[in-house]
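**Q** Protein chains in written order, with our numbering: chain A, 1 to 306; chain B, 307 to 610. Every residue, glycine too, gets a C-beta built ideally from N, C-alpha and C. Quick one: the structure is below, and I'll ask about it shortly.
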Amino acid sequence: MRVCIVGCGAVGSLFAAHLAQLEDVEVWAYDLAREHVDAINRDGLRLSGAGEVVGRLQATSDAAELPPCDFGIVATKAMHTSTAVEATAHAFAEGCVATVQNGLGNEEAIANHVDRVIRGTTFPAGKLLGPGHVQWDVRGDTTFGPFDPKPAAAEEIERLAEACTRAGMPTKAVADARGPQWRKVIFNAATNPIGALTGLTHGRVCDDPALRRLVSSLVDEGKAVASAQGIELDADPEELIDHAAKPEVAYDHKASMLQDVEARRPTEIDYLNGGIVRFGDGHGVPTPLNRAIWALVKGLERSWPS
Amino acid sequence: MRVCVVGAGAIGSLFAAHLATVVDVLVLTRRAAHARALNEVGLRVSGRHDFTARVTAASDPSELPDLELAILATKTVDLEEVAQSLGGRFPGATVMTVQNGLGAEAVVRRHGDWQLVSAVTFMSGTKHSDTHVEYILDTPTWLGPYGDTPFERVQKIGQLLVDSGLKAEVLPDLLPAQWSKLIFNATVNGVSALTGLPHDGHFAAEGDVSDLGHLVHELVDEGKRVAAAAGVELHDDPWEMNVLATKRGSAHYPSMLEDVEARRPTEVELINGALVREAERGGVEAPLHTALYRLVKAREASYL
Numbered sequence: 001m002r003v004c005i006v007g008c009g010a011v012g013s014l015f016a017a018h019l020a021q022l023e024d025v026e027v028w029a030y031d032l033a034r035e036h037v038d039a040i041n042r043d044g045l046r047l048s049g050a051g052e053v054v055g056r057l058q059a060t061s062d063a064a065e066l067p068p069c070d071f072g073i074v075a076t077k078a079m080h081t082s083t084a085v086e087a088t089a090h091a092f093a094e095g096c097v098a099t100v101q102n103g104l105g106n107e108e109a110i111a112n113h114v115d116r117v118i119r120g121t122t123f124p125a126g127k128l129l130g131p132g133h134v135q136w137d138v139r140g141d142t143t144f145g146p147f148d149p150k151p152a153a154a155e156e157i158e159r160l161a162e163a164c165t166r167a168g169m170p171t172k173a174v175a176d177a178r179g180p181q182w183r184k185v186i187f188n189a190a191t192n193p194i195g196a197l198t199g200l201t202h203g204r205v206c207d208d209p210a211l212r213r214l215v216s217s218l219v220d221e222g223k224a225v226a227s228a229q230g231i232e233l234d235a236d237p238e239e240l241i242d243h244a245a246k247p248e249v250a251y252d253h254k255a256s257m258l259q260d261v262e263a264r265r266p267t268e269i270d271y272l273n274g275g276i277v278r279f280g281d282g283h284g285v286p287t288p289l290n291r292a293i294w295a296l297v298k299g300l301e302r303s304w305p306s
Numbered sequence: 307m308r309v310c311v312v313g314a315g316a317i318g319s320l321f322a323a324h325l326a327t328v329v330d331v332l333v334l335t336r337r338a339a340h341a342r343a344l345n346e347v348g349l350r351v352s353g354r355h356d357f358t359a360r361v362t363a364a365s366d367p368s369e370l371p372d373l374e375l376a377i378l379a380t381k382t383v384d385l386e387e388v389a390q391s392l393g394g395r396f397p398g399a400t401v402m403t404v405q406n407g408l409g410a411e412a413v414v415r416r417h418g419d420w421q422l423v424s425a426v427t428f429m430s431g432t433k434h435s436d437t438h439v440e441y442i443l444d445t446p447t448w449l450g451p452y453g454d455t456p457f458e459r460v461q462k463i464g465q466l467l468v469d470s471g472l473k474a475e476v477l478p479d480l481l482p483a484q485w486s487k488l489i490f491n492a493t494v495n496g497v498s499a500l501t502g503l504p505h506d507g508h509f510a511a512e513g514d515v516s517d518l519g520h521l522v523h524e525l526v527d528e529g530k531r532v533a534a535a536a537g538v539e540l541h542d543d544p545w546e547m548n549v550l551a552t553k554r555g556s557a558h559y560p561s562m563l564e565d566v567e568a569r570r571p572t573e574v575e576l577i578n579g580a581l582v583r584e585a586e587r588g589g590v591e592a593p594l595h596t597a598l599y600r601l602v603k604a605r606e607a608s609y610l
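Following this line, the structure appears as structure tokens:
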């Protein structure tokens, strides 16, 4: 089978390098960073940290070079989904496309260009160290499921999940993948922007009881929106928040949104708190605090010289 | 007539320089070098007005002679210490507070039985050096009696400010104006400190769903409910104050934004904290102001 990773940043690289270990999988990567693409083609794609992996694959910045693929795995930042999938959609005319991105709205954006879509959520994380080299920080599970109203077939989803698992990225295929997706979105929306607005690490946000209550209020709004859609969370986001605050887990971790803000990069706020607000509006669930946080982070982005 | 301005930040400097054109002005500074510089070169005003005033400055309260009016223009965080240092001095004087937030008069009252005048000021300036302040917004200062201070005394001070070239409005009861400014300040300062935006058109924008104006409007509405619960009828609508201020052309940098950028303690406790505590006292829900207050406190904690 042939798989193309669309957006070969940290998370995309974890999938690309692992899948490239399999004899029966041909891996392509589409990414706009030329140096990164050149390094991958020259030296392979290297992961270090939680495991040492070198994957041999074909990378390109030119979507026209992509051959027809059975699967796409989209791993761009959420604001680039539409552009990236529009550019590569021809490669998936007969295939189906999964997302392993953060936030809400990626499946919808993919479905505008592709017929069969796989909803996905992934917990492993890393960061790009340099061209062709990714630091693998955290191991974790991935969940795939069909996206309505343009679902991939159950056997396709299982085939991709099986390949990922066999390659070293444990992945489950389920009938409804919204539970883990919303658990992660609620977790991210309740913690990431608080770090970004205050400059505090995850652990310090949780140490301040008043701030921790604000986090819980954001979680509660997200849970209400999930529940109004009949989504059952696979676990309580509060557990994830408390777990991450432990010194040995992620106490000193600066949320990715705080890193974005410090580097003055656009954040994924539209797809996190903004997504919760949109789905809340669609189901008549008020989300005043998520709306406030969304506006504050948008304001922060607008304070940067363009 | 002799007037002492205590605290020579932007607001104190603007009061001192203007008043010095009509009366004798003493300036009490925190730093001795600041007082020396003022004594040597005077105090320059640029921007809306352009002149240099002669003032007498000191950094030691015991050097102050007797005087008729003291204007306390220190930051709220320094008020307690300053009021204490003035305890027992110039017993016949009137003391005017211009601090942000609520409760400055009560702090001063604990240290002396001067006649007190409450004031809030909407003028703004930027201090370019110890001896140079730029006069940016020439919006008025509102003043009113506190406790049993006779109204005529307040009128005289209002007239003095006007004679000196500043704008002033005298009100029989300042509380409605103080609350208007409290709600305005808690909203604008808090949002500005967190977003890094100066007070500009973003604060009044309500087009797109994620535009900041929606949040500002909701914060103002929440603040109005707190004022209503406290039995205060507002002098000005804080939303209209916000819209008006963003239309003035040059964007104003709220002091809380400047404090956060310079990694200094902010006035969050006495502005946003005061509003949140008033909400609790009045039994009104204020989730947005509570969130804003917690976020600014946390932002402070990240660098203090």
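Span of the beta strand (DSSP E) holding D565(B)?
**A** Run containing D565(B): none in the beta strand (DSSP E); it sits in the alpha helix (DSSP H), 561-567.
**Q** Should L392(B) and P367(B) be called a contact, given that it needs their Cβ atoms to be closer than 7 Å?
**A** Yes.
**Q** According to DSSP, W136(A) sits in a beta bridge with which residue or residues?
**A** Answer by DSSP bridge pairing, in chain order: G49(A), G126(A).
**Q** Determine, for L467(B), whether the minimum Cβ-Cβ distance to residues of chain A falls below 7 Å.
**A** For L467(B), the answer is no, since every Cβ of chain A falls outside 7 Å of its Cβ.
**Q** Starting from P593(B), find everything on chain A with Cβ-Cβ shorter than 8 Å and list it in chain order.
**A** Chain A residues near P593(B): S217, P288, L289.
**Q** May I have a chain-ordered list of the alpha helix (DSSP H) segments no shorter than 4 residues that lie completely inside the segment 244-289 of chain A?
**A** You should have 256-262, 273-282.
**Q** Assuming L134(A) contacts S13(A) under a Cβ cut-off of 8 Å, what Cβ separation, rounded to an integer in Å, is found between them?
**A** As written in the sequence, residue 134(A) is Val, which differs from the Leu given in the question. With a Cβ gap of about 4 Å, V134(A) and S13(A) count as contacting.
**Q** What's the gap between the Cα of V138(A) and the Cα of T437(B)?
**A** One C-alpha to the other measures close to 56 Å.
**Q** Are the CB atoms of L211(A) and S608(B) nearer to each other than 7 Å?
**A** Going by C-beta atoms, L211(A) is not nearer than 7 Å to S608(B).
**Q** Which value, in whole angstroms, describes the spacing of the CA atoms of G299(A) and L518(B)?
**A** Their Cα atoms are separated by approximately 6 Å.
**Q** Using DSSP bridges, identify the partner residues of S352(B).
**A** Per DSSP, E440(B).
**Q** State yes or no: is the C-beta of V532(B) within less than 7 Å of the C-beta of V574(B)?
**A** No, Cβ-Cβ distance for V532(B) and V574(B) is not below 7 Å.
**Q** At the level of alpha carbons, what is the spacing between A511(B) and I194(A)?
**A** The straight-line gap from Cα to Cα measures roughly 23 Å.
**Q** Can you tell me which residues form a DSSP beta bridge with R308(B)?
**A** DSSP, once it has assigned bridges, lists D330(B) as partnering R308(B).
**Q** Tell me which residues share the same chain as P131(A) and place their Cβ nearer than 6 Å to its Cβ, disregarding the 5 neighbours each side in the sequence.
**A** If we look at P131(A) and ignore the five residues flanking it on each side, its Cβ neighbours are E35, H36, A39.
**Q** Measure from the C-beta of R264(A) to each C-beta in chain B and report whether the shortest distance is under 7 Å.
**A** Chain B, which has no Cβ nearer than 7 Å to the Cβ of R264(A), makes this no.
**Q** Quick one, which residues of the segment 190-205 of chain A are near chain B if we go by CB-CB under 8 Å, in chain order?
**A** Within the segment 190-205 of chain A, the residues whose Cβ lies closer than 8 Å to some Cβ of chain B are I194, L197, T198, G199, L200, R204, V205, listed in chain order.
**Q** Helix or strand or just coil, what does DSSP make of W420(B)?
**A** Of the three classes helix, strand and coil, the one that applies to W420(B) here is coil, per DSSP.
**Q** Using 10 angstroms around the beta-carbon of A399(B), count the other beta-carbons present and answer buried if the total reaches 16, otherwise exposed.
**A** Classification for A399(B): buried.
**Q** Check whether chain B comes within 7 Å of D260(A), counting only Cβ atoms and requiring the distance to be less than that.
**A** No, D260(A) does not count as interfacial toward chain B.
**Q** Contact between the segment 346-353 of chain B and the segment 411-422 of chain B is defined here as three or more beta-carbon pairs at a separation below 8 Å; is this criterion met?
**A** Counting Cβ pairs under 8 Å, fewer than three are found: no touch.
**Q** Let's see if you can read the secondary structure: which residues bound the beta strand (DSSP E) around G450(B)?
**A** First-last of the beta strand (DSSP E) with G450(B): 447-452.
**Q** I think L525(B) touches T501(B), with their Cβ atoms under 8 Å apart; what is that distance to the nearest whole Å?
**A** In fact, because the Cβ distance is near 13 Å, the residues do not count as touching under 8 Å.
**Q** Mind checking whether V215(A) and A190(A) have CB atoms under 7 Å apart?
**A** In contact: V215(A) and A190(A) (Cβ atoms closer than 7 Å).
**Q** Are the segment 540-559 of chain B and the segment 570-587 of chain B touching by the rule of at least three beta carbon pairs closer than 8 Å?
**A** Counting Cβ pairs under 8 Å, fewer than three are found: no touch.
**Q** Taking just the CA atoms, how far does L233(A) sit from V114(A)?
**A** Taking the straight line joining both Cα atoms gives about 27 Å.
**Q** Quick check on the burial criterion: 16 or more other C-beta atoms within 10 angstroms. Buried or exposed for D242(A)?
**A** Exposed, by the Cβ-count rule.
**Q** Can you tell me whether R337(B) is buried or exposed, with buried defined as 16 or more other CB within 10 angstroms of its CB?
**A** Classification for R337(B): exposed.
**Q** Determine, using beta carbons only, whether T501(B) comes closer than 7 Å to chain A.
**A** Closer than 7 Å: yes.
**Q** What does a CB cutoff of less than 6 Å around R354(B) pick up in its chain, not counting 5 residues either side in sequence?
**A** Excluding residues within five positions, the ones whose Cβ falls inside 6 Å are Y441, D444.
**Q** In chain order, what residues of the same chain lie with their CB nearer than 7 Å to the CB of A250(A), ignoring the 5 residues before and after it?
**A** Contacts found: H202, A244.
**Q** Which residues share a DSSP beta bridge with F357(B)?
**A** Its beta-bridge partners are V351(B).
**Q** Less than 7 Å between CB atoms is the rule here; does S608(B) satisfy it with respect to chain A?
**A** Chain A contact via Cβ: present.
**Q** In its own chain, which residues sit with a C-beta less than 7 Å from the C-beta of G407(B), not counting the 5 before and 5 after it?
**A** Correct list, in chain order: T382, L488, E573, L576, I577, A580.
**Q** Chain B partners of L214(A), CB-CB under 7 Å?
**A** Within 7 Å Cβ-Cβ: A597, R600.
**Q** Measure the CB-CB distance between S516(B) and W304(A) and report whether it falls below 7 Å.
**A** Not a contact, by the Cβ cut-off of 7 Å.
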